[in-house]
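One structure is given below, encoded as structure tokens.
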Amino acid sequence: DQFAYGAVAPSGEGAPAPQVAPLNPTVGQRFDFAGDYASRATAFASPAVVILFALVAFGGISRRRLQLAGTLHAGARRRDLVAGIGVETFLWAAPAAIATFVFTRFAVKVLLSDMIYAYEASLAVTLPIAAVAAILGAVIPAATTREDRLFELFKSRG
87 DQFAYGAVAP
97 SGEGAPAPQV
107 APLNPTVGQR
117 FDFAGDYASR
127 ATAFASPAVV
137 ILFALVAFGG
147 ISRRRLQLAG
157 TLHAGARRRD
167 LVAGIGVETF
177 LWAAPAAIAT
187 FVFTRFAVKV
197 LLSDMIYAYE
207 ASLAVTLPIA
217 AVAAILGAVI
227 PAATTREDRL
237 FELFKSRG
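Numbering (the numbering used here), first residue to last: 87 to 244.
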């Protein structure tokens with residue numbers, strides 16, 4: 087019922103007679119694909135990208151606390167301020183996510199001899215999540231900035 091258990095390997099002149107060797111030397115071995123996947127070098131790349139986007143947005147908006155407090159003092163509603171910050175962040179986070187996808191694809195093509203496409207699905211999921219994390223990272227300091235700290239923020243600028 088089974089046709090090929092092995093293969094005959096040709097030998098050159100002066101070599102011993104041809105030998106019958108297993109056709110698939112890995113038959114019977116078990117591979118831990120889940121373990122290999124979990125221990126891959128890029129396992130933390132997706133969470134790192136999401137955290138990076140959120141931290142950049144959080145840091146950028148945190149630096150503008152004086153402006154935000156002044157805007158609240160001038161009579162702007164907090165929900166309008168938060169909505170504006172959210173839209174503003176989307177306008178830089180979405181192109182940054184697209185540029186990250188393009189750059190990663192280019193880097194893989196240049197650096198790897200064999201083009202692999204498995205990472206693209208991961209990127210396609212990770213980058214929109216990173217853009218949302220950036221929006222949340224920007225909205226948090228905007229939502230927590232208080233108008234009553236305006237004078238303190240003004241004095242501590244520098």
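Think of the CB as a built atom: it goes at the ideal place given N, C-alpha and C, for glycine as much as any other residue.
Nothing here was measured: the structure is a model prediction, and the numbers come from that model.
Outcome for residue i when other beta-carbon atoms lying within 10 angstroms are tallied against a minimum of 16
i, result
"residue 158", "buried"
"residue 223", "buried"
"residue 183", "buried"
"residue 139", "buried"
"residue 212", "buried"
"residue 143", "buried"
Nearest-angstrom Cα separation, counted from residue j out to residue i
i, j, result
"residue 131", "residue 208", "10 angstroms"
"residue 160", "residue 237", "14 angstroms"
"residue 141", "residue 214", "16 angstroms"
"residue 226", "residue 241", "23 angstroms"
"residue 121", "residue 196", "28 angstroms"
"residue 133", "residue 205", "14 angstroms"
"residue 125", "residue 189", "24 angstroms"
"residue 210", "residue 170", "26 angstroms"
"residue 172", "residue 127", "33 angstroms"
"residue 165", "residue 156", "15 angstroms"
"residue 111", "residue 192", "36 angstroms"
"residue 87", "residue 113", "In this predicted model, residue 87 has a pLDDT of only 37, less than 50, meaning its place in the structure is not dependable; the value taken from the coordinates is given anyway. Answer to the nearest angstrom: the Cα atoms are 17 angstroms apart."
Delimiting residues of the alpha helix (DSSP H) encompassing residue i
i, result
"residue 239", "236–242"
"residue 136", "131–148"
"residue 219", "204–230"
"residue 187", "164–197"
"residue 249", "It is not possible to answer for residue 249, since the shown part of the chain is limited to 87 through 244."
"residue 246", "Within the shown structure, residues of the chain are numbered from 87 to 244, placing residue 246 beyond reach of any answer."
Cβ separation of residue i and residue j, assumed to be a contact under 8 angstroms, to the nearest whole Å
i, j, result
"residue 179", "residue 217", "4 angstroms"
"residue 219", "residue 136", "5 angstroms"
"residue 221", "residue 187", "At roughly 18 angstroms, the Cβ-Cβ gap does not stay under 8 angstroms, so residue 221 and residue 187 are not in contact."
Contact test: residue i Cβ vs the ligand NAP heavy atom, cutoff 7 angstroms
i, result
"residue 230", "The ligand content of the structure shown is nil, which means the ligand NAP is not present either."
Touch test, the segment 141–153 against the segment 225–232, Cβ-Cβ under 8 angstroms, three pairs minimum:
yes
When the Cβ atoms of the segment 110–118 are set against those of the segment 190–209, are three or more pairs found closer than 8 angstroms?
no
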